[in-house]
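Residue numbers (the numbering used here), protein chains in the order written: chain A, 902 to 1219; chain B, 15 to 553. In this text, a Cβ means the ideal position worked out from N, Cα and C, and glycines have one as well.
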Amino acid sequence: MWHYIARRIVYAIPIAIGVTVFCFALVFLAPGNPVQMLLPADASQEVVDLIMKTYGFDRPLPVQYWTWLTRAVVGDLGVSIQSNRPVIDEVLRALGNTVFLSFGAVMLAFSIAFVLGTLAAYYRGSAVDRGVTALSIVGVSIPNYWLGIVLVIVFAVELNWLPATGMGPRGSETFDLFNWSHFKHVILPIITLCMVPVGMITRTTRSAVSEVLGNEFVNTLRAKGLGELAVIRHALKNAMPQILAVMGLQFGYLMGGSILVETIFNWPGTGFLLNKAILTRDIPVLQGTILILALVFVFTNLVVDLFQTAVDPRIKRS
Amino acid sequence: MPHHTQTFRKIAACLAAGIALAFGASALSSIAPAQAQTTLRVAMTAGDIPDVTGQPDQGFEGYRFVGYTLYDSLILWDLSRSDVEASLTPGLATKWEIDPKDSKRWIFTLRKDVKFHDGSDFNADVVLWNISRITDEKVPHFNAKQFAAMRTRTVNIDRAEKIDDHTVAIITKEPDSLFYIQMSFWMMISKAQFEKAGSYEKYAQMPSGTGPYRFAGMVPRERLELTRNDTYWNPKRVPKHDRLVLQPMPEATTRAAALLSGQVDFIEAPSPDTIARLKSSGMQVITLPYPHNWHYQFNFVDGPFKDKRVRQAANYAMDRGEMVEMLNGLAQEGYGTVPPSSPYFGKPVLYKLDPKKATALLKEAKCYPCEVTLAISTSGSGQMQPLPMNELVKSQLEAVGFKVKLEVMDWNALLDVTFKGREKFPAYHAVNVSRATQDPFSGIFRFAMRKQWAPAGGNWGHYENPEIEKLITEIYNTFDQAKRDAMITRVHEIMNDDAAMLFVTHDLNPRALSPKVKGFVQAQSWFQDLTPITVGTTN
């Protein structure tokens, strides 16, 4: 087991390096450069050169990458070109806020999807099944930035029940989940974000459970005289590894893919951070955020794998 | 009996007084919460809190909300009225003049008895220290980022001298009659506080200026909190609210939603399609001309626009009324580099819509259909609604015989094109980068001077006119303001004669305020004074 974990962690290293190389190259391939946003549009070449030198952008790309990498290994992700603040602080602060949203959204999605998917599988071919399938298609197809705006218009602007933006009265630093005036800020973003996972997890649950229900051992269970609820419990236990895998992936996607939703809700997470960093070519922030997100993704997959082993001992990791 | 009556009267009087007191107290206590703390919450368009350590970043929005709130410059902008374009007014300097014996030596008389928020004194030493802060690489408090951002404004400074504790002289390399304007962008930060902090990173957590607001706390990327400076040197500008909270909110829809749901009281730049909704909810939507220009700079070397007739044709093709209508009235028709309300507008040739003339000019120039490529952005500071606006310009140009290709890129990429100039991008025949036209140099000259040919400056397409060259040289050596203004106006008129740009529109600087916000006077400026605002508790 420990070997397995160690090996997976070692595998994460080339993935992380690959991600950073790719992202580094991509940023430099895009037109425009990081110091431009610091300078007035009519800055002279002399000033541009001085600033490029100050930030080390005058050196060859591989050298810049190497310098960055050697520092990143010891946890120093550099300093944001725009804000002059250490990138690690920026990313960690934002990461916590995004993990919170993504985790909440996936958990909510799981609770809904688990029930819907199981019902659809059990009543396969019935109206319930068709209804649930339609719902899950809607879930994955609705653009979540559009849904976010609609929810804001309905619940914040028209009904005035929930706030439209931000993380509570004094921002993320004093955020308190157990205080209603803070918690209500979370509701709309989480609902918006959970739509795609609801669709995905419902579909997976439905197909996994119905596949298990078609197995011969289910007939045996019924022949033994087991009640239907107990049969479903057995089926779910067998379908669980697949459902968990999808949940883990969805969590990973939400971590990296909530740029639009965070922008709409002015949620100070990694998506909001990335949005600004991309538009201003703030390379250190971009690199640092992407690296951390890649690591979170790898880590999530590892955790999911371990969970799978726990719920289904047949899956041996050695 | 009379005695009894008297006693009764006394008791009654006491009772009455008691009741009155009780009512008074309860009345007072019901007022008290309303007066206790008033907070003005502002949603900015920026994606982050502007730099609080002196020269703000995030463009002029940074100056508006962080610069002139925490700090003062030697010369300030008079933002107290709406009826004329904002002009300069004494700030930390009470007087400035050119040395009568030396046309390169400016003398600034400093305001006495001004203290920084940390209690230290404002004086000549502090001014010199602040000048070296962004001009002298060798001093320990040098700030490279702010140096870069201010370089175009500081490049002509040779040195600064202390005359006495309350007088300084700044010596320029070349005579520059417009130099004093640059001092209105120079924020004076506290030397004592910086030395206590030791570095800009630490100082960013405890900035100290002389401005009408004090720093009260910051959550990076989320909010900046400022409180009233009760001892501000200008009693007229002591804020009429206790707290000012600034929140970055780059998405226009989000800002509108935040205002409508009561999370903020004041939003910058609502988008045209939200105006009707904001108004129907009782929000105050305020618009006013200000020095902004949404236009195209032509390529004077490569492609069809080097022919004046083609440039004129493009200008005659513009139906600016239609543009204003599309923007729901949040813009005014643009006929020159500066808006008509500018003191430098003059009496230029106006290219009013004339499609027939436009087509005739194109045929005369033997460019029919006339193929042109315009470089545009998807968004950006001051770009308004670039995609629909450019589509409209394209259709108007094509209606008279142009064939337009829009080259769409993101804001940073377009800045790159602008910065490097036409030489590097000969395939683009015009670029659409909107500009602030706050002062004669940054609003007019830098698009017309040969010395400003990109990449050296803002003249992207290498426009040149010998008469303008002569006038500008003379302007820099003319210290009589009336004479100088007449010449600046002439430069503006000549640019119109040459059809030096494709003039389209000027933004009307929209902002929306909650009905409980009172007392805001919008100035014709990129900067605004928030201090007179009062915030009520009910709608």
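Annotation: the continuous alpha helix (DSSP H) that includes B/His506 extends over Gln495 to Asp511.
With a 10 Å radius around the Cβ and a threshold of 16 neighbouring Cβ atoms, A/Ala907 comes out exposed.
Contact between B/Asn329 and B/Ala513 holds, with the beta-carbon distance rounding to 5 Å and staying under 8 Å. When A/Trp967, A/Gln983, A/Ile989 and A/Thr968 are compared, the shortest CA-CA separation from A/Gly976 is found for A/Ile989.
Interface residue (Cβ-Cβ distance to chain B less than 9 Å): A/Thr1181 is classified as such. Among the residues of chain B, none has a CB under 7 Å from the CB of A/Ser1042; the nearest is roughly 21 Å distant. In chain order, Pro469 and Ala470 make up the part of chain B whose C-beta sits under 8 Å from the C-beta of A/Gln946. For A/Ser1082, the nearest beta carbon of chain B is not closer than 9 Å to its own beta carbon.
A/Gly1072: not part of any alpha helix (DSSP H); DSSP gives it neither H nor E.
Interface residue (Cβ-Cβ distance to chain B less than 9 Å): A/Gly1072 is classified as such.
Nearest CB-CB separation between B/Arg235 and chain A: below the 9 Å threshold. Taking one beta carbon from each stretch, the stretch 206-222 of chain B and the stretch 62-69 of chain B have 3 or more pairs nearer than 8 Å; the two touch.
One alpha carbon belongs to B/Met332, the other to B/Glu347, and they sit about 10 Å apart. Taken through DSSP and simplified to helix, strand or coil, A/Ile1043 comes out as coil. Under DSSP, A/Met1008 forms no beta bridge with any residue. Chain A places no beta carbon closer than 9 Å to that of B/Arg95, leaving this residue out of the contacts. In summary, A/Pro1142 is buried, with 16 or more beta-carbon neighbours lying within 10 Å of its beta-carbon over all protein chains present. For B/Asn144, no beta strand (DSSP E) encloses it; the enclosing alpha helix (DSSP H) starts and ends at Ala138 to Arg147. Taking the CA atoms as reference points, B/Phe517 sits about 23 Å from B/Ala100. Listed as beta-bridge partners of B/Asn473 by DSSP are B/Trp467.
Listed as beta-bridge partners of A/Cys1095 by DSSP are no residues whatsoever. Comparing alpha carbon positions, the residue from B/Gly343, B/Asp86 and B/Val80 closest to B/Pro284 is B/Gly343.
Rounded to the nearest whole angstrom, the CA to CA distance from B/Pro369 to B/Thr503 is 28 Å. Relative to B/Gln196, the option among B/Thr224, B/Asp172 and B/Met164 whose CA is nearest is B/Met164. With distances taken between CA atoms, B/Tyr365 lies nearest to B/Val324 out of B/Val324, B/Thr149 and B/Val431. Within the stretch 50-64 of chain B, contact with chain A at the beta-carbon level (separation under 7 Å) is assigned to Gly61 and Asp62. B/Leu420 is not a Cβ neighbour of B/Val447, given a cutoff of 9 Å.
Short of 7 Å from the beta carbon of A/Val1007, and not among the five residues preceding or following it, lie these beta carbons of its own chain, in chain order: Pro1098, Met1148, Gln1151, Phe1152 and Leu1155.
Using a CB distance below 9 Å, no part of the stretch 477-502 of chain B faces chain A.
Per DSSP, B/Phe517 is not a residue of any alpha helix (DSSP H); the beta strand (DSSP E) it occupies stretches across Met515 to Asp521.
Taking CB atoms only, B/Asp430 has a neighbour in chain A less than 9 Å away. For B/Gln69, there are no C-beta contacts with chain A under 7 Å, since the nearest C-beta of that chain is about 11 Å from it. Around the Cβ of B/Ile281, a 10 Å sphere holds 16 or more other Cβ atoms; the residue is buried.
A/Phe1079 has its alpha-carbon roughly 60 Å from the corresponding atom of B/Asp172. DSSP places B/Glu239 in the uninterrupted beta strand (DSSP E) bounded by Arg237 to Arg242. In the structure shown, B/His309 falls within a strand segment according to DSSP collapsed to helix, strand and coil.
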